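Residue numbers (the working numbering): 379 to 489.
The beta-carbon is built from N, C-alpha and C at its ideal position, and this holds for glycine as well.
Since this is a predicted model, take the numbers as computed values, not measurements.
Only one structure is covered here, and it is reproduced in the block below.
Right, dumping it as structure tokens:
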């Protein structure tokens, strides 16, 4: 994976992370917005402007691809490069969470 892309996308914004999770299966824009909202239980609501700016950037960088689905709508899907970035970010987030839990547990024991 290109170092330039790693520097650009790691660490990822939450919206980018959840958008990439949503396109592990092909989805059109509205379906991405619904999936992210459902997955985050409404905590993240993507607006159309945010989403289409992001998918344009992700497409241009080769992180996702866009193709027309059966109804003629653009469907987006993660690329191999995008999947590598998503997995790398997931590992990073898991380590961050582990570190936080460990530090806070030690802090609680000291009280």
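**Report entry** Contacts around residue 463, its chain only, beta-carbon distance under 6 Å, and the 5 residues preceding and following it disregarded
**Finding:** Walking along the chain shown from the start, residue 463 turns up at place 85. So the list reads 387, once near-sequence residues are dropped.
Report task. Drop a sphere of 10 angstroms on the beta-carbon of residue 405, count the other beta-carbons inside from all chains shown, and report buried for 16 or more, exposed for fewer. Result -> As a position in the chain shown, residue 405 is number 27, starting the count at 1. Taking all protein chains in view, the Cβ of residue 405 is crowded by 16 or more other Cβ atoms within 10 Å, so the residue is classified as buried.
Requested in this report: Could you check which residue in 482, 389, 425, 410 has the C-alpha nearest to that of residue 451?
Outcome: Numbered from its first residue, the chain shown carries residue 451 at position 73. When each option's Cα is compared against that of residue 451, the closest is 410.
Query raised in the report: Any chance the region 475 to 488 sits against the region 444 to 461, with 3 or more Cβ pairs inside 8 Å?
Result: no
Query - Beta bridge counterpart(s) of residue 454 as assigned by DSSP - result: Within the chain shown, residue 454 is the residue found at index 76, counting from 1. Note: residue 454 sits in a beta bridge opposite 405, 444.
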